[in-house]
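Going down the list, the protein sequences come from chains A and B. Numbered per this note's numbering, the first sequence spans residues 203 to 544. Numbered per this note's numbering, the second sequence spans residues 203 to 544. To keep things clear, I will list the structure first and then write my remarks on it.
There are 2 protein chains.
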Amino acid sequence: MSVPVGRSPVMADVARLAGVSHQTVSRVLNGHPNVRTETQARVQAAIEELGYRRNSSARALVTRRTGVIGVVAFDTTHYGPAQTLSGIEHAARADGYFLSVVTLQTVTRQAVSEAMDYLAQQSVEGYIVIAPKRAVVEGLAGQPADRPVVAVEGGEAPDLPVACVDQEGGGYLATRHLLDQGHRTVHHIAGPDDWLESEGRIAGWRRALAEAGAPVPEPLYGDWRPRSGYRIGAQLAGDPDVSALFVANDQMALGALRALGEAGVRVPDDVSVIGFDDIPESEFFTPPLTTVAQDFSEVGRRGIELLIDMLEAPAESTSLHPARSVVPARLVARVSTAPARA
Amino acid sequence: MSVPVGRSPVMADVARLAGVSHQTVSRVLNGHPNVRTETQARVQAAIEELGYRRNSSARALVTRRTGVIGVVAFDTTHYGPAQTLSGIEHAARADGYFLSVVTLQTVTRQAVSEAMDYLAQQSVEGYIVIAPKRAVVEGLAGQPADRPVVAVEGGEAPDLPVACVDQEGGGYLATRHLLDQGHRTVHHIAGPDDWLESEGRIAGWRRALAEAGAPVPEPLYGDWRPRSGYRIGAQLAGDPDVSALFVANDQMALGALRALGEAGVRVPDDVSVIGFDDIPESEFFTPPLTTVAQDFSEVGRRGIELLIDMLEAPAESTSLHPARSVVPARLVARVSTAPARA
DNA sequence: GGCAACATTGTTAGCGCTAACATTCGTCCC
DNA sequence: GGGACGAATGTTAGCGCTAACAATGTTGCC
């Protein structure tokens with residue numbers, strides 16, 4: 203009896219066993235008031251005996267709520283995005299939501315729109331889009347918003363709620379740190395120029411230089427990967443003007459460290475290097491990398507918070523001032539930066 | 203008219219606009235034969251005009267298929283697991299399935315079982331569990347299997363379909379590579395001893411040593427993180443017996459390289475070091491790390507393949523010989539290994 | 001004691017879809 | 001020419017649940 207053969211039990215089976223109507227079972231499950239404690243217990247017992255589990259499709263059909271949040275992610279094989287995704291997942295689960303994830307290889311407006319379409323098939327209630335490029339954020343803002351969207355890492359998105367790290371502040375912090383150590387100016391290996399993270403970090407770097415009245419060299423653009431840092435690092439190694447280098451992420455910084463090392467440039471004695479991200483490996487680079495840490499999971503958490511607010515608020519003036527949640531960056535000083543030589 | 207106010211359109215709205223019954227609309231949507239081409243076109247047009255989208259809950263309710271696969275993952279902030287997840291996701295989407303992901307902080311039997319329970323609420327059709335520890339796999343096999351489960355990275359799981367990389371083969375490959383370069387024996391920094399990956403790599407290492415008649419030192423256990431590699435590396439640095447070192451992952455290898463460097467031990471001149479995983483950074487370590495590459499996304503792909511086979515096969519003798527899909531590992535030779543000194 | 005107010009439970013009607021059966025129509029063949 | 005067949009479409013009955021309303025008890029208070 204406790205293991206019904208054939209089909210899995212439905213609410214009516216529980217009701218029969220507990221000697222109540224199926225509606226009373228529903229009430230117990232939904233925590234309605236006005237159910238006698240004793241009835242509740244009987245129903246609970248019947249539920250356990252049968253191993254009953256509510257059918258989510260039937261429930262969603264009538265409540266018009268699926269409890270599923272769609273996530274469009276990129277590049278989850280890298281540290282930052284993967285951490286962010288993990289933060290999103292935990293926050294969503296804590297609030298009883300489910301996550302349906304699509305990860306994209308290419309970061310284009312069209313790919314994002316296809317991914318959102320795919321997720322729409324599953325009746326997601328809203329979207330979290332990890333939107334690291336300007337084009338993506340702009341494409342997002344132009345969409346017919348039949349359900350709420352939150353951008354994560356979306357920089358200064360114009361008309362969209364956004365959760366992100368303060369990239370500009372982080373860039374400022376990094377540059378300031380080097381200037382404070384007496385370097386005349388700071389060179390910059392940036393990320394690709396259509397990424398919002400690159401933009402923000404460049405802006406912070408420029409602001410710090412401007413504030414200090416330091417010369418502003420041309421930034422050199424990499425592609426986030428170690429190899430590009432290596433290439434650009436090799437270029438800079440010969441330049442006697444370079445005494446301090448701000449690299450837009452730790453992976454490129456790793457490449458740069460290697461190139462400098464191979465060229466006989468000592469870090470930090472000859473050149474100071476600072477990275478960005480604080481990946482787990484940075485502490486063990488040669489030399490241990492000074493860098494700027496981002497609290498990725500906090501960003502994920504805030505993204506979910508924004509979205510759930512929209513889902514659960516009685517649709518109102520959300521479009522007037524789209525919410526922004528900015529997480530500060532934090533300097534992690536290690537060995538790769540040192541005061542400028544006299 | 204094309205933008206209906208109030209509720210979103212349902213099948214009946216499309217039917218009305220196209221001048222057919224709702225069932226005909228359903229037939230068009232499901233690609234049934236025996237619908238006149240012209241009718242099909244009219245229905246399609248109506249669908250587009252209204253921006254109609256099938257209600258997945260209603261559909262799932264009657265078909266008893268949700269098209270959702272539940273994934274239990276750990277540690278997606280690290281390279282391997284994140285890559286695997288990404289492989290799983292792409293393969294699932296290619297077959298029209300959706301993914302619902304739960305990531306866990308702690309790898310315990312209970313956490314896994316709770317995660318599966320959570321996913322069951324959403325009526326997932328089956329599970330992919332990234333199960334890197336023996337206890338987890340065993341707990342999995344003991345569960346009441348009301349829906350199919352595939353383990354990924356589950357080593358030699360007894361009664362469960364598994365997709366994994368050939369860890370033993372990889373360990374053998376790494377050790378063999380060092381022995382072939384004339385090293386008398388190979389020391390090993392292993393992962394935690396309750397991880398299946400550790401076990402497999404240790405087994406391969408032992409086999410290679412045994413085959414060569416080389417002495418078998420005690421393996422030293424780390425925790426996968428760079429810091430533990432650093433700690434153990436510092437220990438080994440003073441030992442003149444150590445001329446070749448197989449480290450169970452690249453992150454620990456990074457720590458070990460740093461410790462050796464600090465102790466004045468030159469790699470590869472004094473000691474050869476080989477890692478495991480081939481993370482994107484390895485190529486730019488000091489020196490560039492020889493390592494064993496795993497095709498994580500292929501593992502994810504195969505996991506999905508196994509699961510979908512089970513979902514779509516008319517439930518038969520699946521339990522007789524649970525399928526195993528083993529992906530070979532591959533040696534990536536770089537600079538950190540060299541022939542033994544005479 | 002009777003009646004209002006409330007607590008507790010049951011009954012009914014869908015949510016939007018697909019499967020199964022019913023109907024209509026044209027076509028073919030003896 | 002009529003019956004048999006199959007193609008094309010329509011009609012009906014749920015899937016398992018919740019919301020709304022209806023029907024009971026049960027209490028308290030004058």
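Ideal Cβ placement from N, Cα and C applies to all residues, glycine included. Every value quoted in this text rests on a predicted model; they were computed, and no experiment measured them.
Per the Cβ contact rule, the region 484-504 of chain A is in contact with the region 282-301 of chain A (3 or more Cβ pairs under 8 Å).
Taking 7 Å as the cut-off between beta carbons, the residues of the region 488-503 of chain B near chain A are 488, in sequence order.
Contact note: residue 450 of chain B does not reach chain A at a C-beta cutoff of 7 Å; the least C-beta distance is about 16 Å. Here residue 488 of chain A is not near residue 288 of chain B, since their CB atoms are 8 Å or more apart. Looking only at A:392, A:394, A:469 and A:403, the smallest Cα-Cα distance to residue 368 of chain A is reached by A:403. Below the 8 Å Cβ cutoff, chain A contributes 303, 304 and 305 as neighbours of residue 291 of chain B, in chain order. A distance below 7 Å between beta-carbons, with the five flanking residues on each side excluded, links residue 237 of chain B to the following residues of its chain, in chain order: 226, 229 and 230. Here residue 299 of chain A carries a coil assignment [DSSP, helix/strand/coil].
Residue-level contact check: residue 453 of chain A touches chain B, since one or more beta carbons of chain B fall below 8 Å from its beta carbon. Under the Cβ criterion of 8 Å, residue 456 of chain B is counted among the residues facing chain A. Shortest Cα-Cα distance from residue 332 of chain B to any of B:529, B:294, B:295 and B:274 involves B:274. Counting C-beta atoms within 10 angstroms of its own C-beta, residue 483 of chain A has 16 or more neighbours from the protein chains shown and is therefore classed as buried.
Annotation: Cβ neighbours of residue 295 of chain B in chain A (cutoff 8 Å, chain order): 304 and 320. Going by DSSP, residue 481 of chain B is part of no beta strand (DSSP E) at all; its letter is neither H nor E. Under the 10 Å beta carbon count, residue 293 of chain A is surrounded by 16 or more other beta carbons and is classified as buried.
Flagged as an interface residue toward chain A: residue 324 of chain B, by a C-beta distance shorter than 8 Å.
In the displayed model, residue 444 of chain A falls within coil according to three-state DSSP, outside both helix and strand. Under DSSP, the beta-bridge partners assigned to residue 305 of chain B are B:275. Within the DSSP bridge table, the entry for residue 328 of chain A names A:271 as partners.
Residue 492 of chain A has A:476 as its beta-bridge partners, per DSSP. The beta carbon of residue 299 of chain B sits no closer than 8 Å to any beta carbon of chain A.
A direct Cα-to-Cα measurement between residue 453 of chain B and residue 526 of chain B gives close to 28 Å. For residue 507 of chain B, the closest C-alpha among the options B:298, B:494 and B:250 is that of B:298.
Between the C-alpha atoms of residue 370 of chain A and residue 450 of chain B there is a straight-line separation of about 38 Å. Following the DSSP letters along the chain, one finds residue 533 of chain B inside the beta strand (DSSP E) bounded by residues 532-534. Within the same chain, Cβ atoms closer than 6 Å to the Cβ of residue 390 of chain B are found at 407, 421 and 448, the five residues on either side in sequence being excluded.
Burial is judged here by how many other beta carbons sit within 10 angstroms of a residue's own beta carbon; residue 324 of chain A has at least 16 and is buried.
As the crow flies, the alpha-carbon of residue 223 of chain A is around 15 Å from that of residue 211 of chain A. Sequence-distant Cβ neighbours of residue 272 of chain B in its own chain, meaning closer than 6 Å and more than five residues away, are 302, 321, 326 and 329. Along the length of the region 335-412 of chain B, whole beta strand (DSSP E) runs at least 3 residues long occupy 351-354, 364-367 and 389-392, reported in chain order. With its beta carbon less than 8 Å from one in chain B, residue 288 of chain A belongs to the interface. Listed along chain B is no residue with a C-beta nearer than 8 Å to that of residue 399 of chain A; the closest approach is about 18 Å. Pairwise C-beta distances place the region 351-358 of chain B out of contact with the region 376-394 of chain B, as fewer than three of them are shorter than 8 Å. Cβ proximity to chain B below 7 Å picks out 482, 483, 485 and 486 from the region 472-486 of chain A.
Nearest to residue 479 of chain A by alpha-carbon distance, out of A:393, A:314 and A:232, is A:393. Restricting attention to A:300, A:446, A:338 and A:438, the CA atom closest to the CA of residue 465 of chain A is found in A:438.
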